[in-house]
Amino acid sequence: MLRASSGASRAQGPLTEVALALLAAVAWVAIVRPGPLDLAYFWDEADVYVPGARWVAEHGLDVTPGVFPDDYSRGHPPLFYLLAGAAFRLFGTDPAVGHLLVLPFTALALACTYLLGAWTFSRPVGLAAAGLLAATPLFLSIGNMMLPEMPLTALSALALLCFARGRLVWAVALGVLMVWIKETGIFTAAAIGVGVLVAQRGAGKRAVGPIALATVPLWALGGFFAWQKLHAGYFVFPHHANLFADRPLEAANVLTVVPSLLGWHLRWLLAAGAMAAIALGRAPAAARAPTGVPGRDAVIAACLALVLFNAIFFTKMFWLERYALPAHPGLLVLLCAAILEGFGRLRPLARATARWSLIGAAALAGMLGLRARTASDTEEHSFAYADVIATHRDAFAALAPGDAPVLTGWPMTVELEEPYLGYVAAPVDALNERYAADDARFGAVLVNAGSWRADELRERARAAGMELARRSQVGVAPALELYR
């Protein structure tokens, strides 16, 4: 059974193990990088979160809905903006400041993944799960951007760890923080609620307290919606409601979260290997959990529920692969546990070979994909985004004063207009090609060769009597074409 008190269980891993896990995670994040800390802000961090945090810093850290502009808040809970705004107010908006705010969460996510696996199953499981997460290109790329997904991922892994150690109060408190960072934080809180239900089965009236406690994050999210209604006039940001309504409910949408969670970088092989491992022999029965600590079944239920809740919600809601990052740590722990505690019918050498070949192949595939080319407009999935930044900076450096205003698309427009994002030394007037009138005057055209609107922009350049003057391309990034 699981007690409601944070002091319910004195069972804890050795502090040395915690310190070593954190140290190893910090070292990995410091060494395996897309570029320097002051790498320019990219995409959504450049156009939404960094400008929003800058506004908060310049307006007394006021994140009141209706006061904090919707264009920046997007109706999300304000805690991430408040943290980033406080950092910007103290240290400025340089990209190194924003990235240093997020990198500790990246290291924390790795360390907690190891501890969750090690303390719930075994140290080899923890090492394998953390190693696979550390070799996941999406995790490492988003872990270097000032976006809310990495704080959510780290706090999710920590909350699952707290739950697994019987510290329900701490897990619930982390759930409150998550829903105040972003609404999707409720998935982790609800998943832990499922774990509580499993842990409390058969407890009778004693289950009421823990179950009630597990609902606190839901009330905290409801409190934010009520606050938003009071000050901004709506419970849910209308744009989000429209995104939910506009996406058709189709059978294929059920698989929305599957590719990034169970497909990419040989994850499909890992998942198939886990099923084969279970089929070829169960692990020995787990030792009875200490009083106040949930059993493995409750932890497994929580990790699986987190995947399930993401899958259900994103069958209907607008989707980016980074949104499901909080589900990765728990899922990897379960896959590695199944593999490293399965294959019982095989001989020892064959068993060890099967186990570590599967894990090693998936880790190698991830590392090989770290700097690989991605599909157009998905460069945030790997360190390819650093090549995009370098390409944009190279193209912008070739612009002359007479080129303004520059007709181009997003995100080049904001990159040109806002020097603090890290692309230009001084503002450059830019026209967004989606909103520029047919008779708009411009001095140059910048075309993203990988964009589906590239031909339309090229045609506007030709209609204005312009020719290709320069082509910039670094690494695996799409080229930028400059027409004058």
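In short: position in the sequence shown from 1, add 1258, done, that's my numbering.
Note that CB positions come from ideal geometry on N, CA and C, so glycine has one too.
DSSP state of residue i, grouped into three classes?
i, result
"V1744", "Given that the chain is displayed from residue 1259 to residue 1742, the structure contains no residue 1744 and the question cannot be resolved."
"V1565", "helix"
"N1500", "helix"
"R1728", "strand"
"F1326", "strand"
"Y1643", "helix"
"Y1741", "strand"
"A1722", "coil"
"L1488", "helix"
"L1220", "An answer regarding residue 1220 cannot be provided, because it is not within the stretch 1259 to 1742 covered by the chain."
"V1454", "helix"
"A1702", "strand"
"A1688", "strand"
"G1460", "coil"
"E1316", "helix"
"T1274", "helix"
"S1634", "coil"
"E1508", "coil"
"P1659", "helix"
"E1676", "coil"
"R1347", "helix"
"F1338", "helix"
"P1249", "No information on residue 1249 is available, as it lies outside the stretch 1259 to 1742 that the chain covers here."
"W1710", "coil"
"D1696", "coil"
"D1305", "helix"
"P1517", "helix"
"P1552", "coil"
Considering only the alpha carbon of each residue, which of the options lies closest to residue i?
i, options, result
"G1324", "F1572, M1404, V1355 and P1496", "P1496"
"V1360", "S1414, E1316 and E1407", "E1407"
"L1527", "L1519, A1470, L1616 and G1588", "L1616"
"H1489", "A1376, F1326, R1711 and L1432", "F1326"
"A1585", "F1445, G1433 and Y1299", "F1445"
"A1698", "F1654, V1664, E1725 and A1683", "V1664"
"H1357", "G1660, L1583, L1738 and F1300", "F1300"
"A1448", "S1414, F1654, V1466 and R1459", "S1414"
"A1612", "Y1741, A1532, H1498 and A1345", "A1532"
"I1494", "L1604, G1451 and S1331", "At residue 1494 the sequence reads Val, which differs from the Ile that was named. The candidate whose alpha carbon is nearest that of V1494 is S1331."
"F1502", "E1714, A1365 and F1571", "F1571"
"M1625", "R1603, G1333, P1517 and L1396", "L1396"
"R1603", "V1591, L1628, R1540 and V1290", "R1540"
"A1417", "V1454, L1385, V1383 and N1706", "V1454"
Quick one: what's got a C-beta closer than 6 Å to residue i's C-beta in the same chain, skipping five residues either side?
i, result
"P1272", "none"
"M1670", "L1704"
"A1354", "L1295 and D1296"
"V1732", "D1645, A1648 and T1649"
"E1637", "Y1643 and V1646"
"G1623", "A small correction: the amino acid at residue 1623 is Ala; Gly does not occupy that position in the sequence shown. Only H1523 and L1524 meet the Cβ criterion."
"R1651", "Y1681"
"D1687", "A1662 and P1663"
"R1459", "none"
"E1316", "none"
"A1387", "T1371, G1375, L1590, V1591 and C1594"
Whose C-beta lies closer than 8 Å to the C-beta of residue i among residues of the same chain, with five residues either side of it excluded?
i, result
"P1685", "L1674, E1675, E1676 and P1677"
"N1690", "T1666, G1667, W1668 and T1671"
"E1303", "G1356, M1403, M1404 and L1405"
"L1679", "A1298, Y1299, A1304, V1308, P1353, V1672 and E1673"
For residue i, which residues in the same chain have their Cβ closer than 7 Å to its Cβ, ignoring the five residues on either side in sequence?
i, result
"L1589", "L1519, C1561 and V1565"
"W1710", "none"
"T1632", "H1639, S1640 and A1642"
"A1621", "G1389, L1390 and A1393"
"A1727", "L1740, Y1741 and R1742"
Is residue i near the ligand GDP - that is, is its Cβ less than 7 Å away from at least one heavy atom of it?
i, result
"G1553", "What this structure holds is no ligand at all, so the ligand GDP is not there to describe."
Going residue by residue through the region 1570–1623, where are the continuous alpha helix (DSSP H) segments of at least 4 residues, counting only ones entirely within it?
Runs of the alpha helix (DSSP H) inside the region 1570–1623: 1586–1598.
What ranges does the alpha helix (DSSP H) occupy inside the region 1355–1432, keeping only unbroken runs of at least 4 residues that lie completely in it?
Counting whole runs of 4 or more residues, the region 1355–1432 contains the alpha helix (DSSP H) stretches 1381–1392, 1395–1400 and 1407–1422.
Taking contact to mean at least 3 C-beta pairs separated by less than 8 Å, is the region 1433–1448 in contact with the region 1465–1482?
The region 1433–1448 and the region 1465–1482 touch, with no fewer than 3 CB-CB distances between them shorter than 8 Å.
Spell out a yes or no on whether the region 1593–1611 and the region 1575–1583 are touching, meaning 3 or more CB-CB pairs, one atom from each, closer than 8 Å.
Two segments are said to touch when three or more pairs of C-beta atoms, one from each, lie closer than 8 Å; by this definition the region 1593–1611 does not touch the region 1575–1583.
Closer than 8 Å is the cut-off here; do at least three beta carbon pairs connect the region 1341–1358 with the region 1558–1566?
They do not touch, by the three-pair rule.
With a threshold of 8 Å, are at least 3 pairs of Cβ atoms found where one atom belongs to the region 1372–1380 and the other to the region 1594–1604?
In the pairwise beta carbon analysis, the region 1372–1380 is classified as touching the region 1594–1604: at least three pairs are separated by under 8 Å.
Contact between the region 1413–1424 and the region 1307–1322: three or more CB pairs below 8 Å?
Taking a cut-off of 8 Å for Cβ pairs, the region 1413–1424 and the region 1307–1322 do not touch, as fewer than three such pairs fall below it.
Cβ contact (3+ pairs, closer than 8 Å) linking the region 1528–1536 and the region 1426–1436:
No: the two stretches stay apart, fewer than three of their Cβ pairs being nearer than 8 Å.
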